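Visitor:
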Amino acid sequence: MTEPLAARIRDSRLASTAALLLSFALPFLWALSTRLVWELGKRVPGSVSDTSIALPSGLSLVTIVLVAWLIRFAALRSRVRSQRRAAWMADTLAVAAFCACFTWQFGRADWNPWPEPGSTNIFPLRFAVAVALGYAGSLCVATYLAPRAAAAESAKASA
5 MTEPLAARIR DSRLASTAAL LLSFALPFLW ALSTRLVWEL GKRVPGSVSD TSIALPSGLS
65 LVTIVLVAWL IRFAALRSRV RSQRRAAWMA DTLAVAAFCA CFTWQFGRAD WNPWPEPGST
125 NIFPLRFAVA VALGYAGSLC VATYLAPRAA AAESAKASA
């Protein structure tokens with residue numbers, strides 16, 4: 005049942021690009037904005053601080069991530085044979101763009117996990133979870149959308 009849908013998405017450049025973008029951006033941005041990390045971080049002994057993306061103030065960071073990903077993926081899609089590799093390179097640029105803009109907006113202090121003795125900043129943990137979820141989502145969708153060997157062989161046979 006899902007094979008025809010996957011084949012249609014695979015055949016459409018726009019649909020596959022949108023699927024790959026969403027597979028990275030949604031988990032990445034969700035982990036950066038959810039209260040779940042904060043709820044887990046409150047259990048850390050001592051003083052705990054955190055930074056998260058909240059809308060509408062974080063809209064510029066969200067836009068930067070999406071635009072950086074789209075620009076890099078569009079530039080690489082025609083040059084790189086593997087759609088998975090192009091997606092990973094676009095993911096990496098989006099993460100780097102987020103890091104640069106986040107540092108510019110909030111400063112370098114938010115990257116320090118222990119800003120003061122007895123104090124813990126859980127944003128680096130939040131960021132690590134966001135990167136891991138973003139790359140995992142991208143890997144899953146890129147693998148799912150990759151042409152199947154049987155489909156490639158039947159296409160060669162029909163040509």
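In my numbering, the protein residues as written are 5 to 163.
Cβ coordinates follow ideal geometry from the N, Cα and C atoms, glycine included.
On a predicted model such as this, the values are computed, not experimentally measured, just so you know.
Suppose only complete runs of 4+ residues qualify. What are the alpha helix (DSSP H) ranges in the stretch 58-127, listed by chain order?
Guide: If we require 4 residues or more, the alpha helix (DSSP H) runs fully inside the stretch 58-127 come out as 63-81, 87-110.
Visitor: Using only the alpha-carbon positions, how far apart do valine 99 and leucine 18 sit?
Guide: For valine 99 and leucine 18, the distance between alpha carbons rounds to 22 Å.
Visitor: Considering only residues of the stretch 18-46, which uninterrupted alpha helix (DSSP H) runs meet the minimum length of 4 residues and lie entirely inside it, listed in chain order?
Guide: 40-45, all fully within the stretch 18-46.
Visitor: Excluding the five sequence neighbours on either side, which residues of its own chain have a C-beta within less than 7 Å of the C-beta of glycine 122, listed in chain order?
Guide: Around glycine 122: Gly50, Ser51.
Visitor: Secondary structure at valine 52, three-state DSSP: helix, strand or coil?
Guide: Of the three classes helix, strand and coil, the one that applies to valine 52 here is strand, per DSSP.
Visitor: Decide if proline 117 is buried, meaning its Cβ has at least 16 other Cβ atoms within 10 Å, or exposed.
Guide: That one is exposed.
Visitor: Under 8 Å, with one C-beta from each stretch per pair, do the stretch 24-35 and the stretch 105-114 reach the 3-pair mark?
Guide: These segments do not touch.
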